[in-house]
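Asks: Before we start, here is the structure in question, set down as structure tokens.
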Amino acid sequence: MKKILFVSVLCILVGVLVGYAIHQTPIAPGPAPPEYQRAFVMQVVDGDTITVEGGERVRLIGIDAPERDEEYYTEAKEYLKSLVLYKEVELEKDITDKDRYGRSLRYVWLANKLVNAEMVRAGFAIAKQYDPDVKYQRIIADAEQEA
21 MKKILFVSVL
31 CILVGVLVGY
41 AIHQTPIAPG
51 PAPPEYQRAF
61 VMQVVDGDTI
71 TVEGGERVRL
81 IGIDAPERDE
91 EYYTEAKEYL
101 KSLVLYKEVE
111 LEKDITDKDR
121 YGRSLRYVWL
131 ANKLVNAEMV
141 RAGFAIAKQY
151 DPDVKYQRII
161 ADAEQEA
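Here is the structure:
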């Protein structure tokens, strides 16, 4: 009888200890989905398009810079180069992944600054809303007012 009682108490004690150990062991969370994609800028195509390592072309969302045959094209391109060329940036997607030319549509961040808005603030691009990608449109529009 004492042996049965001892085994029962021992089983209960082991169960409690195992339960306690399981409860105290932290469960490692799975990897969080990335909000930003880190990328190294290899080329500046124009004032609103870059190429990152791996060949991906990225169009800056919410702005429009002069095209090759337009006035201030070179100045806009050179300014964007001064901001991001050969630097690591963070790319943030909005709603639409790619445009009709196959370029990734992204907000470009460098040192916690929205490069899209910086291009507008400096006067090298205009704010241009492209629905449905409007997450930072207010910031970009405000930058245009500051320009």
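Mind the numbering: the sequence shown is residues 21 to 167 in my numbering, read in order.
Glycine residues also receive a C-beta, built at the ideal position from the N, C-alpha and C atoms.
1. What do you get for Asn-132, buried or exposed, if any count of 16 or more other CB atoms within 10 angstroms of its CB means buried?
2. Could you check where the beta strand (DSSP E) with Glu-69 kicks off and where it finishes?
3. Residue range of the alpha helix (DSSP H) that Gln-57 falls in?
4. Check for me: the beta strand (DSSP E) holding Val-109 runs from which residue to which?
5. What number of angstroms, rounded off, separates the C-alpha of Lys-148 from the C-alpha of Ile-83?
6. Out of Ile-115, Val-109, Gly-67, which one is the CA nearest neighbour of Tyr-92?
7. Let me confirm a value: Ser-102 is counted as buried when at least 16 other C-beta atoms fall within 10 Å, else exposed. Which label applies?
8. Quick one: using the 10 Å Cβ neighbour count with 16 as the cut-off for buried, is Pro-152 buried or exposed?
9. List the endpoints of the continuous alpha helix (DSSP H) containing Val-135.
10. Is Met-62 closer than 8 Å to Val-78 when the C-beta atoms are compared?
11. Start and end of the alpha helix (DSSP H) containing Tyr-93?
Replies: Let me lay it out:
1. exposed
2. The amino acid at residue 69 is misidentified as Glu; the sequence shows Thr. 69-72 is the extent of the beta strand (DSSP E) around Thr-69.
3. Run containing Gln-57: none in the alpha helix (DSSP H); it sits in the beta strand (DSSP E), 57-66.
4. First-last of the beta strand (DSSP E) with Val-109: 108-112.
5. About 5 Å.
6. Per the Cα distances, Gly-67.
7. exposed
8. exposed
9. 135-141
10. No.
11. 93-104
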